[in-house]
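Here's the structure, in structure tokens; my notes come after.
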RNA sequence: GGCCUUAUCGUCUAAUGGUUAGGACGGAAGCUUCUCAAGCUUUAAAUCCGGGUUCGACUCCCGGUAGGGUCACCA
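Numbering (this note's numbering), first residue to last: 248 to 692.
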């Protein structure tokens, strides 16, 4: 007997931002399908005409594409399938599984007639890949509404029909849907659909342990925000996958493809997990460290300018990559002028050259002149951080490192905080380095 | 409130009856090149409570407690 091909879906409704919880659901669903050689499809659940916004659908598709979740040709919109649902609805009514119900109008906008499902009132037990067996008594659900009218199907009906017709084998979704499951199973049984395997994922929580919501947390829940913050796709995916799942080993850093292999839905945690931007930033940094050179260079150029190229770009990259966790950090550094020394001569008061505010200018002049004389001995083509350090080190150690290195570094960068003077020298090159040292000497003379 | 569900360091988690309860983020201390960053080393920090079962419970059972989800003519 050939195993049935595994098929999962991501079924968001375009009523709001694509948020991190949704992304993680999509990811888990995708990993599960792909690791079994199965299919993953995207279905927009837009049966509610009033709430749907085309821009939200656009954002969802953009996000899924950005994440690289390939859903092939299997894209659906429920709003385009009303006819299908109507057919099933008619059958349900004809067979007595549903009926048109006269309603007492309690609120404005309420209909006098809706279609209700005839609840057989029984106990339903289903197996959840994350939680094991879950039992509900459906009696308390009553005869729930499945359509506003014979031509206006509602969520529960549409989901069941779609999962059936699209041959979804595994429904991977968030825990908030757990209590919807018995309703949907009832409808399944009424239309003669097989029951898919369920996997209800724990929620992503805020630091108050409440469900992460757009209402409460604003843009910080949306994928868009993290893309704008300059997170790498692999960093974001890696972090989100580790939220509520772990490989059972001590490995924490995974590429996207490794995750497809390593992910194991049975190891998904049962309880909700608090979202930590801090850890996500750390994970992202690990991925920046693993970025292929060309990609790293391109991202840096995007932010600091295309005119930094070649060897200079390489040196800048080296300095920058250990100082940022996201490319948003780099953008911030650029905006705050932390990188100014790369582009032009620093401006500063001569007092800044004093190590710990002490010493005298005559001494600084002596040290800097000495430094220049050492640097002059290095050929321009060999002007590396190592060579510069070797040239200066003994002298600095002898007379006091801070007294030499601080003014030298300040002369090069004009910053209280910056990379060390050797890296700076190598980055600036022999000519510029010596010129800036001369400039400092002039200041203190 | 009903129903469902969950419970290990501050946080993410490992340990599926026997470990000094492990790792990571964050914290603290130290080392490394003057400052910063990175790196390295060290360190503090947890089994919700109460009963069982067992020679032995983080682990199994029961009861509390606490948290979360859900109770639409939304999805």
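Note that beta-carbon positions come from the ideal geometry of N, C-alpha and C, so glycine has one too. The model shown is predicted, which means the values in this text are computed figures rather than measured ones.
- For residue 481, the number of other beta carbons within 10 angstroms of its own is at least 16, and it is reported as buried.
- Measuring C-alpha to C-alpha distances from residue 337 to each of 437, 657, 279 and 387 identifies 437 as the nearest.
- Residue 360 has 349 as its beta-bridge partners, per DSSP.
- For residue 540, the enclosing alpha helix (DSSP H) has its first and last residue at 540-551.
- Counting only the Cα atoms, residue 299 lies some 27 Å from residue 339.
- Here DSSP, grouped into helix, strand and coil, assigns residue 680 to helix.
- Note on the region 450-479: whole alpha helix (DSSP H) runs with a minimum of 4 residues are 461-464 and 470-475, in chain order.
- In this structure, the alpha-carbon of residue 450 lies about 22 Å from that of residue 303.
- Rounded to whole angstroms, the separation of the alpha carbons of residue 325 and residue 405 is 7 Å.
- Annotated as proximal: residue 491 and residue 516, with beta-carbon spacing under 9 Å.
- Annotation: residue 536 to residue 565 spans about 10 Å, alpha carbon to alpha carbon.
- Only residues of its own chain outside the window of five on either side were considered, and among them 373 and 445 have a CB closer than 7 Å to the CB of residue 428, listed in chain order.
- Scanning 626, 620 and 637 for the CA closest to the CA of residue 685 turns up 620.
- The beta-carbon distance between residue 359 and residue 352, rounded to whole angstroms, is 6 Å. This is short enough to meet the 8 Å contact definition.
- A residue is called buried when at least 16 other Cβ atoms come within 10 angstroms of its Cβ; residue 311 meets this threshold and is buried.
- In the structure shown, residue 261 falls within a coil segment according to DSSP collapsed to helix, strand and coil.
- Around the beta carbon of residue 416, 16 or more other beta carbons sit within 10 angstroms, so the residue counts as buried.
- Secondary structure of residue 588 (DSSP, three-state): helix.
- For residue 600, there is no enclosing alpha helix (DSSP H), as DSSP marks it with neither H nor E.
- By the Cβ neighbour-count rule, residue 476 is buried, with 16 or more other Cβ atoms within 10 Å of its own.
- When DSSP assignments are scanned along the region 269-321, the uninterrupted stretches of beta strand (DSSP E) that are 3 or more residues long and fall wholly within it turn out to be 286-291.
- The count of Cβ pairs closer than 8 Å, one atom from the region 453-462 and one from the region 518-532, reaches three, so the stretches are in contact.
- Cβ-Cβ distances below 7 Å link residue 612 to 688, 691 and 692 in the same chain, with the five nearest sequence neighbours on each side left out; the list follows chain order.
- The C-alpha of residue 582 is placed about 23 Å away from the C-alpha of residue 558.
- A check of alpha carbon separations from residue 676 across 441, 602 and 625 identifies 625 as the nearest.
- Of the candidates 616, 513, 514 and 502, 502 places its Cα closest to the Cα of residue 539.
- In this model, residue 350 and residue 361 are separated by some 7 Å (Cα to Cα).
- When DSSP states are grouped into helix, strand and coil, residue 537 belongs to the helix group.
- With fewer than 16 other beta carbons inside 10 angstroms of its own, residue 462 counts as exposed.
- Under the DSSP assignment, residue 378 falls outside any alpha helix (DSSP H); it carries neither an H nor an E label.
- Three or more pairs of CB atoms, one per stretch, sit closer than 8 Å, so the region 306-323 contacts the region 282-298.
- Residue 534 and residue 493 do not touch by the CB rule: their CB atoms are close to 18 Å apart, not below 8 Å.
- Residue 392 carries a strand assignment under DSSP once its states are collapsed to helix, strand and coil.
- Restricting attention to 458, 574 and 364, the CA atom closest to the CA of residue 267 is found in 458.
- Judged by DSSP secondary structure, residue 610 falls within the alpha helix (DSSP H) whose first and last residues are 608-623.
- Within the same chain, 303, 306, 461, 466, 468, 469, 470 and 471 come within 8 Å of residue 264 by CB-CB distance, once the 5 residues on both sides are set aside.
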